[in-house]
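Residue numbers (the numbering used here), protein chains in the order written: chain A, 20 to 554; chain B, 11 to 349.
Let me begin by presenting the structure, written as structure tokens, before commenting on it.
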């Protein structure tokens with residue numbers, strides 16, 4: 020009996036408390052801000068309850084600052100600062116950048132019990148976040164959680180929105196809510212709009228609608244829209260795969276270029292070529308660590324650009340060292356060179372493992388994060404675009420060195436006939452070393468570029484070496500144009516097959532195709548003309 | 011020595027049985043190395059698929075052992091049950107029978123090598139191109155064997171055996187029996203290869219190695235020779251693999267990757283290319299070193315192996331056997347001088 024009474028009393032008290040909050044129906048918002056900033060303990064609770072109940076869009080920036088513990092007071096105005104940003108913003112009545120003197124700024128620390136009161140609004144407050152990506156995300160979250168009553172404020176927020184991607188997300192949210200509602204008129208309105216603009220993100224909501232609705236006409240219309248979306252997605256997928264194929268091809272090309280030049284020149288199969296890629300990547304990593312350790316923070320974004328030429332030089336020097344120590348003795352003995360350089364590669368991998376441990380990563384520079392949004396759902400990431408661009412530059416440079424410079428002339432002479440060149444006064448040994456330096460350097464640049472899209476691990480070179488050899492074999496040894504075509508072909512095909520079949524089977528199919536291609540053209544795409552003695 | 015000293019040592023209790031099993035495994039690897047020597051040492055074809063054929067033999071035996079080790083009443087290996095396979099795949103069925111398994115374990119790699127070799131050699135693809143293509147094939151097969159859908163145990167491979175032909179594998183006398191069989195097999199294969207390389211066929215192989223074009227011009231069907239020796243080498247490797255299986259009790263796709271094949275080649279190169287003795291010695295020495303160094307100094311093994319590759323290629327073109335021969339000659343020369 021006693022227990023029942025106490026429950027009843029508690030219930031009564033709750034009612035009283037609730038009605039108290041309801042009674043304070045009109046507190047001016049300026050007063051609310053004032054109370055929050057001055058932490059007026061007597062009214063904090065009341066104001067918090069009022070703000071939550073009022074649910075006013077204009078207070079969202081203020082509330083989000085409270086929830087995220089970044090509310091400051093500056094000469095009586097509420098100010099906030101966002102993570103990763105140096106600017107300060109006023110949050111009420113309008114969100115805008117203001118200039119301040121730091122010494123007059125004081126942080127407003129509200130008790131936890133007050134902050135948690137606002138959590139019910141947390142989902143909404145991000146709708147006015149200054150970062151467009153956060154806004155987009157929070158709009159999109161309403162697609163699944165939103166109800167019909169949310170549409171009003173979503174629409175009111177949409178009107179002031181200027182970013183296209185956020186507008187799209189807002190529309191998606193509203194359409195999804197309409198489709199989910201039982202109101203046929205609203206559903207039809209959503210379908211009308213969706214028929215005119217194809218939006219790939221609406222697929223799920225439409226599918227749900229089709230399976231739930233009893234309206235056969237609406238069902239048909241939705242099915243047609245779904246078909247449109249799917250065919251569009253297919254096209255986007257194909258483009259995306261072509262794109263990643265080309266970027267894979269560019270990496271293969273950077274690696275295979277050096278391989279092909281070296282093989283053409285000295286008849287050396289350099290199995291350790293992949294390790295020069297690895298050395299390039301670790302050079303980028305070391306440069307990054309150097310920037311972190313010794314240089315001011317604001318310079319950090321420069322490290323990647325600095326490490327590109329350094330990777331070239333370091334890998335080139337390692338290549339030179341290997342050439343002087345091992346490969347020099349193996350010219351024109353391809354099979355022996357294959358075994359010897361395999362040994363070198365084992366040593367280099369273990370060396371990297373001893374020095375750097377197993378997995379390390381390099382942070383991409385800020386400017387290369389993100390990408391170009393070609394259309395909705397199709398994004399070309401900057402880092403891959405950069406790799407493609409870098410490859411084009413490197414290929415052009417290689418072309419000029421090879422066909423427009425004196426060094427290139429000599430390299431081509433030695434490639435054609437070593438003894439003849441020597442007897443005509445070309446210093447064959449010097450040309451060998453220089454070519455090796457260039458080839459390994461190219462691999463180093465490839466390694467540096469690969470840090471943009473993957474981790475740095477000791478055996479990273481091994482992943483690409485077999486493919487690069489296939490590129491060389493298919494393209495024809497020592498042929499620049501053949502190497503380019505076969506690298507792009509193998510890159511694109513392997514991505515396309517990966518898309519249609521699973522990765523492993525795609526790879527197997529690609530290998531089979533290469534196998535039969537070599538049946539048809541055993542010397543690659545562009546064989547040397549004329550007859551050669553093999554023995 | 012292996013036929014006398016080790017068994018005596020074992021029976022007198024001086025040598026533990028595990029050492030014998032270890033050597034038994036080395037013998038199996040030496041058999042595979044003999045195959046490498048036939049293909050590379052004598053015919054001059056650098057193939058990167060030798061470890062693949064070795065594994066095919068081992069997988070064949072492994073399939074038989076998997077099926078014969080199934081507990082009473084269980085019809086499918088556990089890994090198939092996990093993958094929701096209802097029925098034994100058709101290519102597993104013959105491996106239930108030991109003699110079929112024995113024949114197929116050698117025949118399948120042989121046929122595979124035959125088809126592959128025919129297509130490659132027909133177009134006179136050789137040397138480096140051959141090496142790279144076989145390397146790609148080895149990689150493709152490695153990827154296929156690693157998949158669960160191919161029904162060969164995926165990356166875990168085939169393992170967990172207790173009995174072989176009804177004998178308990180943990181029993182010392184069974185272990186000794188396997189050691190003896192490995193030694194006998196090594197002897198037989200060696201004897202066979204010895205006859206082969208000293209026959210007219212063997213001499214033709216050496217001629218192909220030294221000048222393929224001249225052999226063609228003198229109307230030898232070089233392609234047929236190449237395919238034949240490639241198939242023989244593959245089958246020899248498969249025999250090694252079959253015997254290897256019951257002694258290690260596990261086979262995984264990791265054993266057939268490119269690195270494994272290249273290592274087999276370096277055994278032969280270090281021992282002495284183009285000498286059967288060299289292949290056997292190289293395989294034994296390098297595997298012994300592997301066992302020793304991976305237990306004593308695990309992180310140093312890759313340095314040593316890599317160094318051996320380099321040193322062998324640069325300074326020991328004829329391997330250990332060649333070096334010993336050279337030293338013998340020098341000693342003889344000294345004797346002649348003093349006499």
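The beta-carbon is built from N, C-alpha and C at its ideal position, and this holds for glycine as well.
- With a threshold of 7 Å between beta carbons, residue 227 (chain B) makes no contact with chain A.
- Put simply, the backbone Cα of residue 173 (chain B) is about 8 Å away from that of residue 75 (chain B).
- In this structure residue 446 (chain A) is exposed. Its beta-carbon is surrounded by fewer than 16 other beta-carbon atoms within 10 angstroms.
- In the DSSP annotation of this structure, residue 380 (chain A) is not part of any beta strand (DSSP E), being labelled neither H nor E.
- When secondary structure is reduced to three states using DSSP, residue 93 (chain A) falls in the strand class.
- Annotated as proximal: residue 89 (chain B) and residue 163 (chain B), with beta-carbon spacing under 7 Å.
- Within the same chain, Cβ atoms closer than 7 Å to the Cβ of residue 124 (chain B) are found at 237, 241, the five residues on either side in sequence being excluded.
- With a contact defined as Cβ atoms closer than 8 Å, residue 148 (chain B) and residue 267 (chain B) qualify at about 7 Å.
- In this chain, the alpha helix (DSSP H) harbouring residue 73 (chain B) covers 60 to 78.
- Nearest CB-CB separation between residue 324 (chain B) and chain A: below the 7 Å threshold.
- Listed by position along chain A, the residues whose Cβ is nearer than 7 Å to that of residue 320 (chain B) are 345, 359, 362, 363.
- Counting of Cβ neighbours within 10 angstroms places residue 369 (chain A) among the buried residues, the total reaching 16 or more.
- Shortest Cα-Cα distance from residue 156 (chain A) to any of A:188, A:166, A:171 involves A:188.
- By the beta-carbon neighbour count (other beta carbons within 10 angstroms, threshold 16), residue 215 (chain B) is buried.
- Per DSSP, residue 130 (chain B) is one residue of the alpha helix (DSSP H) stretching across 108 to 132.
- Residue 261 (chain B) is bridged by DSSP to B:168.
- Taking 9 Å as the cut-off between beta carbons, the residues of the region 366 to 381 of chain A near chain B are 366, 367, 368, 369, 370, 372, 373, in sequence order.
- Under the Cβ criterion of 7 Å, residue 139 (chain B) is counted among the residues facing chain A.
- Of the other Cβ atoms in all chains shown, fewer than 16 fall within 10 Å of the Cβ of residue 328 (chain A); this residue is therefore exposed.
- Within the model, the alpha-carbon separation for residue 479 (chain A) versus residue 102 (chain B) is close to 36 Å.
- Distance from the CA atom of residue 278 (chain A) to the CA atom of residue 49 (chain B), rounded to whole angstroms, is 27 Å.
- Using a C-beta cut-off of 8 Å, the region 494 to 504 of chain A makes no contact with the region 154 to 169 of chain B, since fewer than three inter-stretch Cβ pairs fall below that distance.
- Under a criterion of Cβ atoms nearer than 8 Å, the residues of chain A adjacent to residue 279 (chain B) are, in order, 358.
- A straight-line Cα-Cα distance of about 58 Å links residue 275 (chain B) and residue 218 (chain A).
- Counted as a single uninterrupted DSSP element, the stretch harbouring residue 399 (chain A) is not any alpha helix (DSSP H) but the beta strand (DSSP E) occupying residues 397 to 400.
- For the pair residue 414 (chain A) and residue 468 (chain A), the Cα-to-Cα distance works out to about 14 Å.
- For residue 250 (chain A), the enclosing alpha helix (DSSP H) begins and ends at 235 to 285.
- According to DSSP, residue 392 (chain A) shares a beta bridge with A:398.
- The contact set of residue 313 (chain B) on chain A, defined by CB atoms closer than 7 Å, consists of 366, 369 in chain order.
- Exclusion of the five residues before and after residue 333 (chain B) leaves 326 as the residues of its chain whose Cβ lies within less than 7 Å of its Cβ.
- Here residue 320 (chain A) carries a helix assignment [DSSP, helix/strand/coil].
- When C-beta distances to chain B are compared with 7 Å, the residues of the region 484 to 503 of chain A below that value are 485, 488, 489, 492, in chain order.
- Taking a beta-carbon distance threshold of 7 Å, residue 229 (chain A) does not count as an interface residue toward chain B.
- The alpha-carbon of residue 344 (chain B) is positioned some 22 Å away from that of residue 328 (chain B).
- Residue 120 (chain A) sits in coil when the DSSP states are folded into three classes, being neither helix nor strand.
- Per DSSP, the unbroken alpha helix (DSSP H) holding residue 189 (chain B) starts and ends at 182 to 208.
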